[in-house]
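For reference, the structure discussed in these notes is given below.
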Amino acid sequence: MTRRDVMLAAGSLSMAGAVSAAAQTAAAAAKAPSALPTKFPDKAAYFPTDLVYLDNGSQHPISLGGKAAIDTYLTKRLLDPAEAHYELPEDGVREKFARLVNADADDIAYVQSTTAGEQMVLRGLGLPQSGGHIVTDTLHFFGSLPLYEEMQRRGVEVTWIEPKDGRIRMEDMKQAIRRDTKLVALSLVSTINGFEHDLKAVCDLAHANGALVYADIIHAAGCVPVDLKGSGVDFAACASYKWLMGEFGLGFIYATKEARARLTRTEYGYYGMSAFKPHVYPLDPPGEAIADYAFADTAEGTFAHGTHAHTVIALLGHSLDYILGVGVPAIQAHAQDLIGRLKRELPKLGYTLMTPPETTTPLVTCVYENARDKLNPKLAAAKIKMTVSGNRFRVTPSVFNDHTDIDRLLAAIGHA
């Protein structure tokens with residue numbers, strides 16, 4: 006065999022591998038349901054497993070259709086000619102999210118995480134350096150509690166509202182918000198127990214006192230109706246890996262044009278630029294500055310940095326189509342069928358509900374001393390996954406869960 010024969014053989018193997026990869030991508034896409042479900046549970050949209058997964062409020066599984074969307078993007082990145090015409094739906098995904106939460110697309114920008122978005126808002130308001138008064142509550146995301154404690158340590162006055170019977174009451178909000186309040190920060194739906202604020206009522210109260218409102222909407226967008234315009238909220242943010250059925254590393258920040266005007270610019274990313282003309286490279290036009298540039302008068306122009314997670318954009322292109330297609334009310338109704346049963350059955354087994362009975366969010370939490378030590382062995386033996394903390398547990402069903410899953414959970418944990 007000559008060297009040429011060896012090279013030809015190697016080339017054939019490489020081509021065979023490429024064809025095989027393309028075939029695998031096509032096969033994955035073929036397994037993903039192409040039509041929206043007519044009813045729930047939608048088990049066909051997800052990889053078959055004997056695990057009872059009731060932890061969607063921590064991280065939602067990726068659907069088969071979502072995987073196929075990622076595979077299509079990666080096939081393009083392989084330079085496979087089969088996907089040569091694929092275009093990443095960057096603007097389309099922002100527009101779909103805007104439609105989901107009733108916002109203008111110009112008021113939406115990509116952000117790395119919910120926390121990143123919240124901290125951008127604080128920096129833009131000059132906090133903690135500028136001082137002032139912030140109102141927040143202890144049902145806000147636990148990862149944000151140290152953030153506002155740090156604000157206190159650095160001279161910002163922070164009023165903490167504590168829940169009563171698992172709820173943040175409007176009368177306590179009215180007492181806390183003052184004429185000198187700069188910001189009210191909250192989670193629209195609490196990750197702790199599923200309590201949902203009346204966001205419009207909070208915003209009306211805050212705005213009457215000259216304050217701005219930030220809402221963490223990670224446990225709302227995609228699972229309960231969200232109307233950002235209608236609520237009047239100034240800022241909001243969420244990652245995508247929970248109820249948007251996305252993945253770690255990419256989410257959204259929302260800011261109205263009026264609210265953006267009250268921020269000092271702290272982000273200077275080139276993805277936010279609407280114009281850029283350098284004067285330092287060969288054949289550049291002369292200019293007094295190194296470069297002339299401008300930032301877009303949009304949320305992207307205010308908050309965008311640089312590159313972001315393209316695989317997650319590809320995934321969200323599919324998952325947002327799914328959520329918009331089946332409709333949030335249908336998703337919510339299915340979850341409430343399961344959640345309602347849990348709210349009835351868990352107290353009968355001796356567990357204490359932390360979730361208010363009237364909530365319509367897909368979370369139910371129980372207080373249970375030493376929950377991790379008592380429940381984790383039972384859950385592992387029964388192949389059930391949910392959130393179990395030191396002294397509480399949380400169940401968060403989604404579109405693929407059914408009453409058989411609830412049966413298995415109740416049987417596994419037994420009486421308290």
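Quick note on my numbering: the sequence shown kicks off at 6 and runs consecutively. C-beta atoms are modelled at their ideal positions from N, C-alpha and C, and glycine is treated no differently.
#1: So, with DSSP's three-state summary, where would you put Ala-417?
#2: Below 8 angstroms, how does it come out for the stretch 235-248 and the stretch 113-129: are there three or more Cβ pairs, yes or no?
#3: Please indicate yes or no: does the CB of Leu-56 lie closer than 6 angstroms to some heavy atom of the ligand MN?
#4: From the DSSP secondary-structure annotation, give me the bridge partner or partners of Asp-297.
#5: If we count Cβ pairs, one from each stretch, closer than 8 angstroms, do we get three or more for the stretch 248-260 versus the stretch 223-231?
#6: Just to check my reading of the structure: Arg-349 and Val-372 have Cβ atoms closer than 8 angstroms, yes? What is that Cβ distance to the nearest angstrom?
#7: Quickly, what does DSSP pair Leu-398 with across the bridge? List them, please.
#8: What number of angstroms, rounded off, separates the C-alpha of Glu-363 from the C-alpha of Ala-108?
#9: What beta strand (DSSP E) runs, 3 residues minimum, are completely inside the stretch 219-295?
#10: Return helix, strand or coil for Thr-186, following the three-state DSSP convention.
#11: Is the beta carbon of Asp-55 closer than 7 angstroms to that of Lys-388?
#12: Any idea if Asn-198 is buried or exposed, counting beta-carbon neighbours within 10 angstroms, 16 or more meaning buried?
#13: Examine the Cβ distances between the stretch 401-414 and the stretch 327-344 and report whether three or more of them are shorter than 8 angstroms.
#14: Quick check on the burial criterion: 16 or more other C-beta atoms within 10 angstroms. Buried or exposed for Asp-297?
#15: Can you find the residues in the same chain that come closer than 6 angstroms, C-beta to C-beta, to His-313, ignoring five residues on each side of it along the sequence?
#16: So Leu-368 and Arg-399 are supposed to be a Cβ contact under 8 angstroms. How far apart are they, rounded?
#17: DSSP beta-bridge partners for Ile-166?
#18: Contact defined as beta carbons within less than 8 angstroms: I believe Gly-62 pairs with Thr-303. What is the distance between those atoms, to the nearest angstrom?
#19: Less than 7 angstroms between the C-beta atoms of Lys-247 and His-420, yes or no?
#20: Mapping the DSSP letters down to three states, classify Ile-67 as helix, strand or coil.
According to the structure shown:
#1: Numbered from 1 along the sequence shown, position 412 holds the residue referred to as residue 417. Residue state, collapsed to three classes: helix.
#2: At 8 angstroms Cβ cutoff, the stretches touch.
#3: This structure does not include the ligand MN; it has no bound ligands of any sort.
#4: Start at 1 with the first residue of the sequence shown, and residue 297 comes out as number 292. Paired residues: Lys-282.
#5: Verdict: yes, contact present.
#6: Within the sequence shown, the letter at position 344 stands for residue 349. Within the sequence shown, the letter at position 367 stands for residue 372. Not confirmed; about 17 angstroms, so no contact.
#7: Residue 398 sits at position 393 when you count from the first residue of the sequence shown. According to the sequence as given, residue 398 is Phe; it is not Leu. Partner(s): Cys-371, Val-393.
#8: Counting from one through the sequence shown, the residue named residue 363 turns up at place 358. Counting from one through the sequence shown, the residue named residue 108 turns up at place 103. Straight-line Cα distance between these residues: approximately 27 angstroms.
#9: The stretch 219-295 contains these whole beta strand (DSSP E) runs: 240-244, 256-260, 278-283.
#10: The residue labelled residue 186 in the question sits at position 181 within the sequence shown. Residue state, collapsed to three classes: strand.
#11: Sequence index remark: in the sequence shown, residue 388 carries index 383 (1-based). Sequence index remark: in the sequence shown, residue 55 carries index 50 (1-based). Yes, these two residues count as a Cβ contact at 7 angstroms.
#12: In the sequence shown, counting from the first residue as 1, residue 198 sits at position 193. Under this definition Asn-198 is a buried residue.
#13: With the cut-off at 8 angstroms, the stretch 401-414 and the stretch 327-344 touch.
#14: Numbered from its first residue, the sequence shown carries residue 297 at position 292. Answer is exposed; the Cβ neighbour count stays below 16.
#15: By 1-based counting over the sequence shown, the position of residue 313 is 308. Tyr-115, Leu-255, listed in sequence order.
#16: Here the question's residue 368 lines up with position 363 in the sequence shown. Here the question's residue 399 lines up with position 394 in the sequence shown. Rounded, the Cβ-Cβ distance is 6 angstroms, consistent with contact.
#17: What you label residue 166 is simply residue 161 of the sequence shown in a count that begins at 1. For Ile-166, which the question treats as bridged, DSSP gives the partners Asp-142.
#18: In the sequence shown, counting from the first residue as 1, residue 62 sits at position 57. In the sequence shown, counting from the first residue as 1, residue 303 sits at position 298. Rounded, the Cβ-Cβ distance is 31 angstroms, inconsistent with contact.
#19: Residue mapping note: residue 247 aligns to position 242 of the sequence shown, counting from 1. Residue mapping note: residue 420 aligns to position 415 of the sequence shown, counting from 1. Result no, Cβ atoms of Lys-247 and His-420 do not sit closer than 7 angstroms.
#20: As a first step, residue 67 is located in the sequence shown; it is residue number 62 there, counting from the start. Ile-67 falls in the coil class under three-state DSSP.
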